[in-house]
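Right, one structure below, let's go through it.
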Amino acid sequence: MLYIINSLITEGESTTFSLVGVTSDKDKAAQLAADVYKDYNKVASFQNIEMITEWLATRKSYSFRKDKSHRLQLSITELAEESAAPENKIIFSAAAEQDELMRKVSEALFEGKHHAERNNETPSCPIG
932 MLYIINSLIT EGESTTFSLV GVTSDKDKAA QLAADVYKDY NKVASFQNIE
982 MITEWLATRK SYSFRKDKSH RLQLSITELA EESAAPENKI IFSAAAEQDE
1032 LMRKVSEALF EGKHHAERNN ETPSCPIG
């Protein structure tokens, strides 16, 4: 089994996708991914990094958000050594658009808006 380690870093409007490495050892893959986290979050404690390494070894993905504009997403993908590229297998999934939509919905609900708007107009849908 091979383990492919990827990272996606979102900094404001820019996004960087990187192939961190490939290894045949699951624990080494988790350690490589945790090293990326350690470089990204310089104030992370040793205990925090150990916890994230264990999480990556079991769940094979981790997402860390410094604030609404800065995010690190890590992914470890399993691939059989003697196989072609997996068909229809998600290698990496970025949730930035979904997070932004949920933030906007939450903000609108907090402000007391309980109906849909398009260009500051409330569309009507008469019930016949």
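With the numbering used here applied, the sequence shown covers 932 to 1059.
Ideal placement from N, C-alpha and C gives every residue a C-beta, glycine not left out.
Everything numeric in this text was worked out from a predicted model, so none of it was measured.
Beta-carbon contacts of residue i that lie in its chain and below 7 Å, excluding the five residues immediately before and after
i	result
residue 1040	none
residue 1011	932
Extent of the continuous beta strand (DSSP E) run through residue i
i	result
residue 997	992-998
residue 952	945-954
residue 937	933-942
Opposing strand residues paired with residue i [DSSP bridges]
i	result
residue 962	None, per the DSSP bridge assignment.
residue 889	There is simply no residue 889 to check, as the chain begins at 932 and stops at 1059 in what is shown.
residue 1010	933
Neighbourhood of residue i by C-beta distance below 8 Å, restricted to the same chain and skipping five residues each side
i	result
residue 943	1000 and 1001
residue 968	975, 980, 983, 993, 995, 1003 and 1005
residue 953	933, 934, 935 and 936
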